[in-house]
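There are 2 protein chains.
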Amino acid sequence: MNGAQALIRTLVDAGVTACFSNPGTSEMHFVAALDSVPEMRAVLALFEGVATGAADGYARMSGRPAATLLHLGPGLGNGLANLHNARRAKVPLVNIVGDHATYHTQYDAQLQSDIETVAHNVSKWVRTSSSTDRLASDAAEAVATAIGPPGQVATLILPADVSWSEGAQPAPLPAAVPPPVAADDAVGAIAEALRGGGRSALLLGGQALRRDGLMAAGRIAAATGASLLVETFPTRLERGAGLPISERIAYVPELASVQLAGLKNLVLVDAKAPVTFFAYPGKKSYLVQEGCEVHELAAVDSDVLGSLEALVEALGAGQAEPTLQGQSRPQAPTGPLTAETACQAIAALLPEGAIVSDEAVTSGQTLAADTAGGPTHDWLTLTGGAIGQGLPVAVGAAIACPGRPVVAVEGEGSALYTIQSLWTMAREGLDVTTVIFNNRSYAILNMELQRVRAGSAGEKAKAQLDLSQPDLDFVQIAGGLGVPAVRATTAEEFATAFERAMSEPGPHLIEALVPSVLSPRQLRAMPYALRAIESLPRPVGAALKRRLYP
Amino acid sequence: MNGAQALIRTLVDAGVTACFSNPGTSEMHFVAALDSVPEMRAVLALFEGVATGAADGYARMSGRPAATLLHLGPGLGNGLANLHNARRAKVPLVNIVGDHATYHTQYDAQLQSDIETVAHNVSKWVRTSSSTDRLASDAAEAVATAIGPPGQVATLILPADVSWSEGAQPAPLPAAVPPPVAADDAVGAIAEALRGGGRSALLLGGQALRRDGLMAAGRIAAATGASLLVETFPTRLERGAGLPISERIAYVPELASVQLAGLKNLVLVDAKAPVTFFAYPGKKSYLVQEGCEVHELAAVDSDVLGSLEALVEALGAGQAEPTLQGQSRPQAPTGPLTAETACQAIAALLPEGAIVSDEAVTSGQTLAADTAGGPTHDWLTLTGGAIGQGLPVAVGAAIACPGRPVVAVEGEGSALYTIQSLWTMAREGLDVTTVIFNNRSYAILNMELQRVRAGSAGEKAKAQLDLSQPDLDFVQIAGGLGVPAVRATTAEEFATAFERAMSEPGPHLIEALVPSVLSPRQLRAMPYALRAIESLPRPVGAALKRRLYP
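So this is what it looks like as structure tokens:
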């Protein structure tokens with residue numbers, strides 16, 4: 033068999049059975065080889081950022097890497113932003129980047145560039161496979177590295193002649209070394225600190241945010257009085273009624289500071305000590321307050337669940353009863369459509385087992401609170417801050433989990449970066465409902481412009497944040513890309529459209545025309561911290577509000 | 033003034049008066065400072081690839097660099113493919129990439145990545161400006177480097193605190209060193225070679241492709257019998273009736289080999305010795321044939337026009353009469369709409385002074401021949417092979433040249449990469465007419481799949497090249513992005529729509545539904561070289577056809 037055939041067979045044998053692709057000439061032998069390996073599903077994307085983001089979403093929901101197929105350096109470049117997000121998400125992902133034939137690179141033809149250097153920016157592992165007989169073992173090593181732990185991006189650069197030459201054989205996946213559980217003395221020291229009095233919190237991230245991890249953390253919390261914090265942008269968070277109550281660290285530093293105030297111990301569980309997303313003039317970046325001791329229970333490359341269970345055992349908390357989120361969901365709202373009423377309608381109608389891909393930067397901020405007591409679901413967030421991730425992640429999640437409804441909540445600004453995702457949803461018939469909150473501005477930047485104290489904005493500055501003139505019409509855009517779409521202008525229309533989307537197979541898009549929740553008037557009237565409280569589960573938010581505004 | 037204000041003032045004083053932007057939080061002080069420098073035009077893009085491609089197009093037509101404004105590493109990543117094209121185009125371009133505040137980087141917050149490394153891939157010059165008092169001089173150095181010669185990409189990384197801190201002063205542009213003219217002995221040797229008999233050709237690229245350079249080359253050709261070849265993907269080629277006859281080296285190597293066959297001398301004028309775009313199994317990459325001597329008259333960093341004029345003088349060719357392209361243009365066609373009839377209609381109606389941004393990878397191949405004898409116009413091509421460049425380049429060209437009609441000819445596949453360009457055309461009211469050839473496939477890849485001898489394509493392979501299921505509807509997509517659009521299904525409808533677009537201000541889009549010119553049946557019936565001949569000016573193509581098929 034040729035290199036491409038052995039490569040795809042090796043990937044499939046290692047559990048990589050989906051490939052999100054945007055190929056060009058140098059990838060044609062890979063494309064031709066797809067039919068020789070029936071187990072590999074190839075999903076075409078019309079832009080590389082869709083392919084890389086979809087591979088991320090697939091990994092979040094399947095726990096297994098997908099492959100991408102990208103066309104030389106520029107193809108990798110187009111996929112780079114969502115690979116950045118995937119790196120931050122700590123998901124396994126195998127990039128296959130086609131390159132010129134090895135003997136062609138000396139001529140510096142038009143498409144040539146330094147692929148390895150760009151790949152290193154997002155990849156733990158990068159290799160240009162230089163001979164057909166080593167290609168399959170290189171691929172197996174790429175998959176093993178991608179699987180981790182932690183999950184990471186591995187980039188295999190595939191010269192065209194290495195792909196097309198004969199004489200290759202598939203290679204097996206190298207044996208994995210089990211990740212270590214936290215050492216007894218470290219667990220003992222943390223148990224002692226948690227028993228020692230004073231306010232303590234566990235900060236959960238990464239692998240700790242699935243049901244088993246959350247339940248173990250809930251037992252620790254119940255036994256010690258510690259509270260459960262969740263990293264600001266989790267890769268995959270299981271939520272809903274019946275899971276332990278936790279609170280996500282807020283994006284807005286003023287509120288995050290309140291959440292972390294007065295802590296004596298902060299125990300990191302596959303999470304970093306919290307820092308602000310951006311720097312702001314005159315504000316600290318590091319959010320842990322003086323006097324708070326930071327402990328690490330489980331590093332990113334450890335057995336996170338095993339380490340949590342070791343701490344449960346050390347505390348004798350095996351029978352402790354976690355404080356669980358009760359059942360509650362809002363009624364479907366009526367009246368004017370706003371970001372808030374749209375979020376209420378989603379929360380009222382979200383089915384059991386839904387997957388929410390959340391990139392509604394400002395408009396979606398009440399959705400987390402509204403859905404906290406609803407049926408259990410998974411929540412996927414913007415892990416690396418590079419917008420344009422929500423729609424591709426929804427594509428990948430839907431392919432990983434056929435039969436589960438996927439809801440992508442999007443700002444109109446962020447949706448535009450990778451809008452080509454809609455076409456792949458249509459082609460593959462994916463059960464993805466995209467909600468576009470269209471407030472006709474980069475609303476987050478209206479907020480940030482004030483927060484960075486850049487002074488009062490002039491006309492040219494304001495124009496940089498304005499997405500009207502012309503207004504974007506997502507019903508037309510979606511129609512042009514093959515996804516049926518409706519526009520909602522009242523809460524009732526929105527709820528009807530959402531309910532219908534949930535009941536019909538295939539993709540749907542709902543454009544929610546909403547006022548900017550952060551108009552200049554509202555911004556002046558409303559302190560940031562109070563606003564940000566709305567993004568927390570209700571009981572937590574209420575408690576924080578009392579703490580902030582006694 | 034603060035860093036951002038001094039930076040923008042420095043750019044404007046150095047002649048950089050347009051900024052194509054997609055800002056985020058870390059760029060808010062730059063955004064706020066825009067109003068303090070009225071001479072700077074800020075053009076918002078909804079995706080970074082639009083901003084970088086527009087800066088490229090602006091530079092091609094104005095000869096001056098534009099700035100981009102990008103948001104950290106992921107923003108640069110999204111702009112990377114068109115920066116690759118800009119690098120290959122050898123245009124001046126100044127990237128401003130916002131970064132975290134200098135004191136924030138130690139925390140490795142979500143958006144942090146190694147910006148410098150990614151920037152080096154496309155930039156001759158990269159610097160992270162580390163203090164506010166040096167920011168303006170760093171910016172002046174960036175502009176000077178960008179201007180070259182040759183034009184190149186310079187990337188200035190701007191930490192947020194360097195931007196927002198006070199105490200900056202604008203800096204002047206460093207004095208430029210005039211580029212060297214070719215040395216007398218080199219010119220003399222080339223003159224002797226050209227006089228020595230045997231077939232010779234000048235291969236013109238870069239700066240040699242403007243009227244003055246072409247006329248000088250035409251005199252050399254007239255005096256020596258050399259033919260004029262043009263690089264395959266010129267940055268900006270002036271064409272039309274009254275300019276010297278030349279032929280572009282074909283993309284398809286079989287035809288390029290014919291063009292270069294039997295040459296005794298090939299004189300490079302701001303061009304590289306021709307190589308194939310991709311490698312193909314069993315074919316040579318280097319296209320210059322054995323026995324042909326390659327001479328370099330003007331390197332990329334030299335005074336190209338001065339060197340051509342030196343050769344004119346050495347040959348005593350100052351009074352030689354170049355063979356000029358005669359006037360001829362096709363009639364507006366009638367009947368079925370095909371790629372060929374659409375190209376004829378464009379050629380029949382293209383106004384004097386038009387700017388053509390050409391990214392119609394397969395469907396546009398007869399357009400160059402059809403327009404060769406039309407009114408003079410500029411032709412901008414896909415310099416780096418990274419598709420998604422045509423629409424952004426049209427945006428930048430229109431901003432550089434108000435009053436000149438811009439025609440972007442696009443394949444449906446390539447248009448989708450940076451489709452957000454349409455919104456900027458609408459917002460800025462640009463006189464850009466976009467023609468989308470929609471044949472519902474990656475037609476070039478259907479051709480390439482056969483050319484790389486990857487074997488007969490199975491169903492999965494074919495699906496990777498198929499853009500139907502669902503069909504893309506560009507009338508709806510354009511409408512959703514604010515550009516009025518019509519669909520043409522006959523040659524008459526197309527001509528009517530094109531004529532109307534030329535006569536009305538502001539952007540228009542015409543979706544030309546055409547059969548794939550490269551259906552499997554057609555591919556089998558038609559040798560590549562014969563097909564590719566159609567992309568050459570008529571008299572040249574006819575001569576080549578006689579040479580190929582005697």
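Protein chains in written order, with our numbering: chain A, 33 to 582; chain B, 33 to 582. The beta carbon of each residue, even a glycine, is placed where N, CA and C say it ideally should be. Owing to the predicted nature of the structure, the values given are computational and were not obtained by experimental measurement.
Which chain B residues are close to residue 492 of chain A, counting only those with a beta carbon under 7 Å from its beta carbon? Per Cβ cutoff of 7 Å: 66, 67 and 74.
Indicate whether at least one CB of chain A lies closer than 9 Å to the CB of residue 509 of chain B. With 9 Å as the cut-off, residue 509 of chain B counts as an interface residue toward chain A.
Going by other Cβ atoms of all chains shown within 10 Å of its Cβ, with 16 needed for buried, is residue 439 of chain A buried or exposed? buried
Please confirm if the region 183 to 197 of chain B is in contact with the region 128 to 142 of chain B, defined as three or more CB-CB distances below 8 Å between the two stretches. At 8 Å Cβ cutoff, the stretches touch.
Short-range partners of chain B found in the region 106 to 120 of chain A, where Cβ spacing is below 9 Å: 106, 107, 108, 109, 110, 111, 112, 113, 114, 115, 116, 117, 119 and 120
Boundaries of the beta strand (DSSP E) in which residue 34 of chain B is found, first to last residue: From DSSP, residue 34 of chain B is part of no beta strand (DSSP E); its letter is neither H nor E.
Residues near residue 262 of chain B in its chain [Cβ-Cβ closer than 6 Å; skip 5 each side]: 236, 278 and 280
Closer than 9 Å, CB to CB, is residue 60 of chain B near chain A or not? yes
With a Cβ-Cβ cutoff of 9 Å, do residue 492 of chain A and residue 221 of chain B count as a contact? In this structure, residue 221 of chain B does not lie closer than 9 Å to residue 492 of chain A by Cβ.
Check each candidate in A/88, A/145 and A/87 and name the one with the smallest Cα separation from residue 109 of chain A. A/145
Residues of the region 299 to 311 of chain A whose Cβ lies closer than 9 Å to any Cβ of chain B, in chain order: Flagged, chain order: 304, 305, 307, 308, 309, 310 and 311.
Which one of B/408, B/463 and B/429 has the shortest CA to CA distance from residue 97 of chain B? B/429
Do you know offhand how far residue 538 of chain B's Cα is from residue 524 of chain A's? 38 Å
Residue 488 of chain B versus residue 51 of chain A - alpha carbon distance: One alpha carbon belongs to residue 488 of chain B, the other to residue 51 of chain A, and they sit about 21 Å apart.
Quick one: does residue 448 of chain B have its CB under 9 Å from some CB of chain A? Residue 448 of chain B has a beta carbon lying within less than 9 Å of a beta carbon in chain A.
Assuming the contact rule is C-beta atoms closer than 8 Å, residue 419 of chain B and residue 453 of chain B should be a hit. Round their C-beta distance to whole Å, please. In fact, because the Cβ distance is near 13 Å, the residues do not count as touching under 8 Å.
Rounding to the nearest angstrom, what Cα-Cα distance links residue 413 of chain B and residue 199 of chain A in this structure? 40 Å
Chain B contact for residue 322 of chain A (CB, 9 Å cutoff): no
Give the residues from the region 172 to 197 of chain A that approach chain B closer than 8 Å (Cβ to any Cβ), ordered along the chain. Per Cβ criterion, the list reads 192, 193 and 196.
Beta carbon proximity, residue 555 of chain A to chain B, threshold 9 Å: Unreliable placement is indicated for residue 555 of chain A, whose pLDDT of 46 sits below 50; the coordinate value is still reported in the next sentence. False, the Cβ-Cβ gap to chain B never drops below 9 Å.
Just to confirm my understanding: we take residue 216 of chain A, look at its own chain, exclude 5 residues before and 5 after, and list those with CB closer than 7 Å. What are they? none
Beta-carbon of residue 53 of chain A versus every beta-carbon of chain B: anything under 9 Å? yes
Below 8 Å on the Cβ atoms is my guess for residue 204 of chain A versus residue 122 of chain A; work out the distance and round it to an integer in Å. Not quite, the Cβ-Cβ distance comes to about 25 Å (not below 8 Å), so this is no contact.
Evaluate residue 362 of chain B with the Cβ neighbour count: other Cβ atoms within 10 Å of its Cβ, from every protein chain shown; 16 or more gives buried, anything less gives exposed. buried
Measure from the alpha carbon of residue 45 of chain B to the alpha carbon of each residue in B/240, B/159, B/169 and B/482, then state which is nearest. B/169
In this structure, what does DSSP give as the bridge partners for residue 390 of chain B? As a beta-bridge residue in DSSP terms, residue 390 of chain B pairs with B/441.
Is the shortest distance between the beta-carbon of residue 551 of chain B and the beta-carbons of chain A less than 9 Å? In this prediction, residue 551 of chain B has a pLDDT of 44, which is less than 50 and means its spatial position is unreliable; nothing more can be read from the coordinates.
Under 9 Å, do residue 89 of chain B and residue 432 of chain B count as touching if we go by C-beta distance? yes
So, are the CB atoms of residue 388 of chain B and residue 410 of chain B less than 9 Å apart? yes
In chain A, which residues lie with their C-beta within 7 Å of the C-beta of residue 478 of chain B? Near residue 478 of chain B there are no residues of chain A at all, since even the closest Cβ is about 10 Å away, more than 7 Å.
Rounded separation between residue 107 of chain B and residue 458 of chain A - CA only: Whole-angstrom Cα-Cα distance: 28 Å.
Verify the CB distance criterion: does residue 269 of chain B have a CB-CB separation below 9 Å to chain E? You won't find chain E in this structure, because its protein chains are A and B.
Starting from the C-beta of residue 366 of chain A, find all residues in its chain whose C-beta is less than 7 Å away, skip the five residues before and the five after it, and write them out in chain order. 523 and 524
What are the residues in the region 243 to 271 of chain A lying within 7 Å of chain B by C-beta distance? 265
Range covered by the beta strand (DSSP E) that runs through residue 296 of chain A: 295 to 301
Are the CB atoms of residue 35 of chain A and residue 161 of chain A within a distance shorter than 9 Å? yes
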